[in-house]
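What follows is one structure encoded as structure tokens, with my remarks underneath.
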Amino acid sequence: MTDIRVVRDDLLPPRTGERRHLISISDLTRDDIERLLATARSFARSLEREMKKLPTLRGRTVVNVFYESSTRTSSSFELAAKRLSADTMSIKAAGSAVDKGESLKDTALTLGAYDPDVIVIRHPQIGAAQLVVQTTRAHVVNAGDGKHQHPTQALLDLYTLQEEFGRLDALHVAIVGDVLHSRVARSLIQALALVDARVTVVGPPTLIPRGIEAMGCESTTEIDAIAAADVVYVLRMQRERMQEGANYVPSLREYTARWGVTPGRLREGQKVMHPGPMNRGVEIDPRVADAADALIETQVRAGLLTRMAVLYDLLTTGPVGVKAQTLHEVA
Amino acid sequence: MLVAKPAEPHNLVVRGARVLDPGEGIDGELDVRIDDGMISELGSRLDTNAHRIVDGDGLVLAPAFVDPHVHLRTPGREDEETIASGTKAAAAGGFCAILAMPNTDPIVDSSAVLGSLIETARLEAEVPVGFLAAISKGQSGAELTEMVELAEGGAAGFSDDGMPVTAPGLMRRALQYGAAAGRPLAVHCEEPTLSRGGQMHEGAVSAELGLTGYPSVAESVMVERDLALAAYEQRPLHVLHVSARESVDAVRAAQAAGVGATAEVTPHHLCLTDEAVRSLDSNLKMNPPLRSADDRGALVEALRDGTIQAIATDHAPHARHEKEVPFEAAPFGVTGLETAFAALWTHLVEPGLIRLETLLERMSSGPAAIYGLRVPRIAPGEPANLVLLDLRSSRRIEERGFRSRSANSWLLGERLTGNVRLTVAAGRVVHES
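One line per chain: the protein sequences are A and B, in this order. For the working numbering, add 1 to where a residue sits in the first sequence, where the first one is 1. For the working numbering, add 1 to where a residue sits in the second sequence, where the first one is 1.
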């Protein structure tokens, strides 16, 4: 079988020496995003073939390390690596040395000793992916670190929007819910700002972080504002992140009554997205979740393609624009 | 109140340095002779009395520094710092006196713990060190310590540093009863229900990074409360490590109203803002957190106009393995003794934000006066407490080369100008490079 290659005229030549990572959307340029989406589209065509496996990353090793439970992200990274013929290894915190109190640094050193090409990491604490960058020689992909970033989710969301609307430019997206605790929201706001889409975040005053507008979005507490958007992006109500007694919302009942996304609050034909897993009946009405206008399953399919594109891009093409991390800049 | 290991005083002549003592009004090229640890003469071409001669050509000789706020981690975490290593670090930083905070394990809340620390310091302290005792037993904010006995046992002051005195009633009692102890009260101002879970300053950067915000108001409401209590009780009060503009405003207003309020600020709050936290480097995580550029501007202004009298490093050593974790899991605190002058010279004086004279005062006489310590002065008859500074040479800050047992410096990898060439503390040369 001949090597099916993704060919694009503007594909940059392979770069050696500089180790690239995908930690945050803020490390990417608009060009990076467009290249990644184009690569994902090429993979969509290749996956329509009977023989779905591409030999592109044969001999490469991708290690997935998940310190938090995940269905979509871990399965799609694993499948993405397999579709590209890479060897994969998936480690979950439960049942590993992590249970015996091993530090993240030691786990990373251990995995790094196998010389993996890519380490995909999900961790409940902000800064975990950065620590793996400092500890290993692998390319690092952040699959979610605490409330900070989930860049591949944002990329798959852009892919979904692009497929649905044929453009990203000037698209208006309302992000509804618990923005404060959402890494998905942070990555998505940055990604949408990069492609000149318009973003309005909507939610209870306690769950909209102070200063969020500096990321290039508008904010409101009025749920009626979602009607003006092309797409309503519903965030999960992150109950497990709610500190006890923090009083972000008095009750889930009141949250649902005031900010739940119901058919009555949507325009006819308005598209709805959700990163999953959903709390049906809390942030999203089951009728909305099951409606034809929901793009939720499309998002899951896009996840596979986008993660293939990220792995491919890190290992074979130009930079997934991560700048060399400077220690810090003195103001 | 300050103790060090006993040692022979030195004889020395520092020749031809620019002698700069703003308090004494001295600024000129002079020789300084030290006989038996005491400054005996200032002048040109002094008789050397066959003493050792240190060439001060091109260097600045100033009163040595006083650090009113360090953590020596002893007792309990001698792997992070000991009195010996911490005072060696102080000597390397140009300090002739330091004050250690009582949040150790066990906490310095009884004369037994205080007494054993003072004993240890007599055996191993390279530069004179004083110890603060806790305001409340176990720093739990419930019951006052035996402040009078602790003061008689040599406590340099009282503080629950690391923890706020949450209950206003107990804070009031500490101010009232503290009068009988006669030692300064120093407060860590943090309203815990506002700072809970806080990882960094609350603002646009925390919104973007997703780190839980620790808002300025969590500090300033406590500064305002404590100063209101101090005003009511007509007692002086020292505010530790101010970080927010609103806190500075509260201190300034209290001073204008006649309250004996003093304040200190750290080198990192004077040099950095919350923008630095974008790197997610755990050596940029401290309590209080790095704040906005506006706050930083207010701190520099307050240092300049004297609202803030003292620079305090809040030197907080941490074991490497405890900082080599994701930002969110890392403990608060950074080291500072060995880099304070160079950081402030490079980031504040060289760019023209404050004058060298101001920096020298806020690092020496300012903190000494707050705690009633003898102010280092360059004058005949004074004990020799001197620092010889090289303002031209620079060095790269690296993990190797710290005298401290810990290397959690916010300056790793940075090149700084301004080196301490010689430190004389209590009449002895304690550091040379």
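Don't be surprised by glycine CBs; every beta carbon is placed ideally from N, CA and C.
Problem set entry | Beta-carbon proximity list for B:Gly-116, same chain, < 7 Å, skipping 5 on both sides | Gly-154
For this session: May I have the straight-line CA-CA distance separating A:Glu-79 from A:Glu-69, to the nearest angstrom?
Result: 15 Å
For this session: Alpha carbon to alpha carbon, how far is B:Leu-413 from A:Lys-324? Give it in angstroms, no decimals.
Result: Since pLDDT at A:Lys-324 reaches only 39, below the 50 mark, its modelled position is unreliable, and the value read off the structure follows with that caveat. Taking the straight line joining both Cα atoms gives about 20 Å.
Problem set entry | Anticipated Cβ contact below 8 Å, B:Leu-13 with B:Arg-53, distance rounded | 5 Å
For this session: For B:Asp-22, collect the residues of the same chain with a Cβ closer than 6 Å to its Cβ; drop the 5 residues on either side in sequence, then sort them by chain order.
Result: Pro-64 and Ile-379
For this session: Could you check how far apart the C-beta atoms of B:Val-249 and B:Thr-308 are, in whole angstroms? I think they sit under 8 Å.
Result: 6 Å
Exercise. Is any beta-carbon of chain B found at less than 8 Å from that of A:Lys-324?
Worked result: A caution first: A:Lys-324 carries a pLDDT of 39, below 50, which makes its placement in the model too unreliable to give a value.
Exercise. Is the shortest distance between the beta-carbon of B:Leu-230 and the beta-carbons of chain A less than 8 Å?
Worked result: no
Exercise. Do three or more CB pairs link the stretch 33-51 of chain B to the stretch 394-405 of chain B at distances below 8 Å?
Worked result: no
For this session: Return the residue from the list B:Asn-104, B:Glu-383 and B:Val-128 that minimises the CA-CA distance to B:Ser-137.
Result: B:Asn-104
Exercise. Grouping DSSP H, G and I as helix and E and B as strand, with all else coil, what is A:Ile-120?
Worked result: strand
For this session: Identify, in the order they occur along the chain, each residue of the same chain with its Cβ nearer than 6 Å to the Cβ of A:Ser-97, setting aside the five sequence neighbours on each side.
Result: none
Problem set entry | 8 Å CB neighbourhood of A:Lys-53 in its chain, flanking five on each side removed | Ser-47 and Arg-84
Problem set entry | B:Met-201 in three-state terms, based on DSSP | strand
Exercise. Taking one C-beta from the stretch 291-300 of chain B and one from the stretch 197-210 of chain B each time, how about it: are there three or more such pairs within less than 8 Å?
Worked result: yes
Exercise. With 8 Å set as the bound, which would you pick, yes or no: does the beta-carbon of A:Leu-105 sit closer than that to a beta-carbon of chain B?
Worked result: yes
Exercise. Among all the DSSP beta bridges, which residues are the ones paired with B:Ser-395?
Worked result: B:Thr-418
Exercise. Quick one: any contact between the stretch 249-261 of chain B and the stretch 271-281 of chain B, if contact means 3 or more CB pairs under 8 Å?
Worked result: no
Exercise. Listed in chain order, which residues of the stretch 200-227 of chain A have Cβ atoms closer than 7 Å to some Cβ of chain B?
Worked result: Pro-210, Arg-211, Gly-212, Ile-213, Ala-215 and Met-216
Exercise. What do you get for B:Glu-220, buried or exposed, if any count of 16 or more other CB atoms within 10 angstroms of its CB means buried?
Worked result: buried
Exercise. With burial defined as no fewer than 16 other Cβ atoms inside 10 Å of the residue's Cβ, what is the status of B:Ala-85: buried or exposed?
Worked result: buried
Problem set entry | Cβ shell of B:Phe-132 (< 8 Å), same chain only, five flanking positions each side left out | Leu-100, Ala-101, Pro-103, Val-109, Leu-115, Leu-118, Ile-119, Ala-122, Gly-155, Ala-156 and Ala-157
Exercise. Is DSSP giving A:Lys-148 helix, strand or coil here?
Worked result: coil
Exercise. To which residues of the same chain is A:Glu-330 closer than 7 Å at the C-beta, ignoring the five residues directly before and after it?
Worked result: With a pLDDT of only 33 at A:Glu-330, under the threshold of 50, the placement of this residue in the model should not be trusted; the figure read from the coordinates follows. For A:Glu-330, where only same-chain residues beyond five positions count, there are no Cβ hits under 7 Å.
Problem set entry | Simplified DSSP state of B:Val-128, which is helix, strand or coil | coil
Exercise. By the criterion of Cβ-Cβ separation under 9 Å, what are the contact partners of B:Val-222 in chain A?
Worked result: None at all; the shortest Cβ gap to chain A is about 16 Å.
Exercise. Between the Cα of B:Ala-152 and the Cα atoms of B:Glu-127, B:Ser-112 and B:Gly-163, which residue gives the shortest distance?
Worked result: B:Ser-112
Exercise. Does DSSP put B:Ser-190 in a helix, a strand or coil?
Worked result: It should be pointed out that residue 190 of chain B corresponds to Cys in this sequence rather than to Ser. Three-state result, B:Cys-190: coil.
Problem set entry | Rounded distance between the beta-carbons of A:Ala-226 and A:Thr-1, thought under 8 Å | This structure cannot speak to residue 1 of chain A, because chain A is shown only from 2 to 332.
Exercise. Does the Cβ of A:Pro-117 have 16 or more other Cβ atoms within 10 Å, making it buried, or fewer, making it exposed?
Worked result: buried
Exercise. From the beta carbon of B:His-202, is the nearest beta carbon of chain A less than 8 Å away?
Worked result: no
Problem set entry | Residue-chain proximity (B:His-489, chain A), Cβ-Cβ < 8 Å | The first residue shown for chain B is 2 and the last is 434, placing residue 489 of chain B beyond what the model contains.
Exercise. Would DSSP call B:Lys-6 helix, strand or coil?
Worked result: coil
Exercise. Do B:Arg-416 and B:Arg-397 have their C-beta atoms closer together than 8 Å?
Worked result: yes
Problem set entry | CB-CB length for B:Val-67 against B:Ala-98, believed under 8 Å | 5 Å
Exercise. Is A:Arg-268 close to chain B, meaning its C-beta is less than 8 Å from at least one C-beta of that chain?
Worked result: no
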